[in-house]
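Heads up: the structure comes next, in structure tokens.
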Amino acid sequence: MSVHRMKEVAGIIIPDSKIATEATELLLEHGTEFIYNHSLRVFLFSSLNAKRENKIHDTELLYVASVFHDLGLVSHYSSPDLRFEVDGANAARDFLKGHGIAQDKLQLVWDTIALHTTIGIAEHKENEVALMYSGVGLDVMGEGYENLSKEHREEIVRAFPRNDFKKKIIPTFFGGFEHKTETTFGNIKADVCAFMIPNFQRKNFCDCILHSHGLNKQNKFTLTVTQPCTFSDAQGCCILFISSFQ
Numbered sequence: 001m002s003v004h005r006m007k008e009v010a011g012i013i014i015p016d017s018k019i020a021t022e023a024t025e026l027l028l029e030h031g032t033e034f035i036y037n038h039s040l041r042v043f044l045f046s047s048l049n050a051k052r053e054n055k056i057h058d059t060e061l062l063y064v065a066s067v068f069h070d071l072g073l074v075s076h077y078s079s080p081d082l083r084f085e086v087d088g089a090n091a092a093r094d095f096l097k098g099h100g101i102a103q104d105k106l107q108l109v110w111d112t113i114a115l116h117t118t119i120g121i122a123e124h125k126e127n128e129v130a131l132m133y134s135g136v137g138l139d140v141m142g143e144g145y146e147n148l149s150k151e152h153r154e155e156i157v158r159a160f161p162r163n164d165f166k167k168k169i170i171p172t173f174f175g176g177f178e179h180k181t182e183t184t185f186g187n188i189k190a191d192v193c194a195f196m197i198p199n200f201q202r203k204n205f206c207d208c209i210l211h212s213h214g215l216n217k218q219n220k221f222t223l224t225v226t227q228p229c230t231f232s233d234a235q236g237c238c239i240l241f242i243s244s245f246q
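Position one of the sequence shown corresponds to residue 1 (UniProt numbering), numbered consecutively onward.
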């Protein structure tokens, strides 16, 4: 893959240390231009949010996490039975371990990647975790779009084009776990499966409880629902509607 390397975009310096450079090379070798552009936009959006919120963070670790965060979607790093987020986190940890990075930093990068799709938790973790979560949310779903200047947004997209991102990102996600859709149970990527697979049957948490081999399995019971729940159409996907980008 041939890409134009940038040193600075929207006032954010892109790390070029030995570790950062080698991480980028792995992304270029095993990823796609689409994932490369997305990953760099995530880093830049995360970094701009850090400046705006005055959040102290390790820039190099945030960059490495951004580079690896979607590599679990590609065949080289994809496992047969783990969530793609965990595959990417494991790959980043192994990479950094080879550079002698301390255990606490290894864990921080692992958490940053593993939790980047975990709504309601990632934003309450360490700064690096929360920042990359915000960068991913901005690029994928437009969250916090209004917090960045038009000039910065446009400069980032010029440097790392979206190239019909909204139409391509859902199939890209799906391609990374269509062979292990069971790993989407309990997380937002089940929405992707429901969007891509006709009549997709999600594993249901309540069914798991009601059909579990519990201590009271010998007791018969009747579950009465007095207030029916309503759910949004599972065939929809919020990515299509929330994102402010084209």
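No residue lacks a Cβ here, since even glycine has one placed at the ideal position from N, Cα and C.
Glu29 sits in a helix when the DSSP states are folded into three classes. Between the stretch 52-63 and the stretch 75-88 there are fewer than three C-beta pairs closer than 8 Å, too few to call the two in contact. A Cβ-Cβ separation of about 7 Å places Leu71 in contact with Leu27 under the 8 Å criterion.
By the neighbour-count definition (other C-beta atoms within 10 Å, threshold 16), Ser46 is a buried residue. DSSP, read as helix, strand or coil, puts Glu60 in helix.
Here Pro15 is buried. Its C-beta has 16 or more other C-beta atoms within 10 Å. Rounded to whole angstroms, the separation of the alpha carbons of Ser212 and Leu131 is 38 Å.
Taken in chain order, the whole alpha helix (DSSP H) runs of length 4 or more contained in the stretch 149-220 are 150-159, 165-177, 189-196, 205-210. When the beta-carbon positions are compared, Phe185 and Cys193 stay at least 7 Å from each other. Distance check between Phe205 and each of Glu182, Met196, Val9, Phe195 places Glu182 closest, using alpha-carbon atoms only.
The Cβ atoms of His57 and Glu128 lie closer than 7 Å to each other. Under DSSP, no beta-bridge partner is assigned to Glu123. Between Glu143 and Gly135, the gap from beta carbon to beta carbon reaches 7 Å or more.
Under the 10 Å beta carbon count, Thr24 is surrounded by 16 or more other beta carbons and is classified as buried.
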